[in-house]
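Trainee: Below: one structure in structure tokens.
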Amino acid sequence: MRESALSAGAVGDRLWLRVADAIDKPILFRWQVDAYRAHIEALWGWDARWQERDFNKLFAALPPLVIMQRGADAVGYIQSQRRAQSLHLANIVLRAEMRGQGIGTRMLGHLQSRASADGIAVTLKVFRSNKRALAFYRGLGFEETSRSNTHFELRWLPGSLAKRL
């Protein structure tokens, strides 16, 4: 199992994280399908069995943290990994009706604060076709470091680290 970059607990006064368990899997997978299917289908086609197996592998290797909002049920999930020189955001998925409410911004801010405290970067990959997510990450200070036919790789550097590079 890989080491998560974040841990269960409060994220400000309105959000908190809890470790996902087997009961959460079906709904988290449904949210992932909702978030990524159009991008995946356009690139490679959609194989539902393969997608579920891949989701289950990552779930086991890097257990998601369910994002909870005060007075509401689960609103999404986040998977992040601590690496030697960065905190890597593997996934952040919000329920469709919860997008655009600042939850993603607060979660990324939380991850950026952790990285800043350790003096390391935050990294991620985003589908090239996901213009909304790309604009979101760029608005939070992420910059492109490389690209493939399918993804942009982005990195955010804390102020002190950015000045050293």
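Take the position in the sequence shown, starting the count at 1, then add 5; the result is the number in my numbering.
Just so you know, even glycine gets a beta-carbon here, dropped at the ideal spot from N, CA and C.
Going along the chain, which unbroken runs of the alpha helix (DSSP H) with 4 or more residues stay wholly within the stretch 77 to 131?
Mentor: You should have 108 to 123.
Trainee: Residues bridged to Gln74 by DSSP?
Mentor: For Gln74, which the question treats as bridged, DSSP gives the partners Leu20.
Trainee: Could you tell me which of Thr155, Arg111, Asp59 sits nearest to Asp18, measuring between CA atoms?
Mentor: Of the listed residues, the one whose Cα sits closest to Asp18 is Arg111.
Trainee: Count the other CB atoms within 10 Å of the CB of Pro31; is the residue buried (16 or more) or exposed (fewer)?
Mentor: Flag for Pro31 reads exposed.
Trainee: Compare the beta carbon distance of Thr128 and Leu48 with 8 Å and say whether it is the shorter of the two.
Mentor: No, the pair does not count as a contact, with Cβ atoms beyond the cut-off.
Trainee: In whole angstroms, give me the CA-to-CA distance for Ala120 and Asp52.
Mentor: For Ala120 and Asp52, the distance between alpha carbons rounds to 35 Å.
Trainee: Would you tell me roughly how many angstroms separate the C-alpha atoms of Leu116 and Trp55, rounded to the nearest one?
Mentor: Taking the straight line joining both Cα atoms gives about 30 Å.
Trainee: For Ser162, which of Ser85, Gln90, Ala25 has the nearest alpha-carbon?
Mentor: The question names Ser, but residue 162 in the sequence shown is Leu. That would be Gln90, whose Cα lies nearest to the Cα of Leu162.
Trainee: Please classify Phe147: does DSSP put it in a helix, a strand, or coil?
Mentor: It is coil, neither helix nor strand.
Trainee: Roughly how many angstroms lie between the CA atoms of Arg100 and Met73, to the nearest whole one?
Mentor: Roughly 11 Å separates the two Cα atoms.
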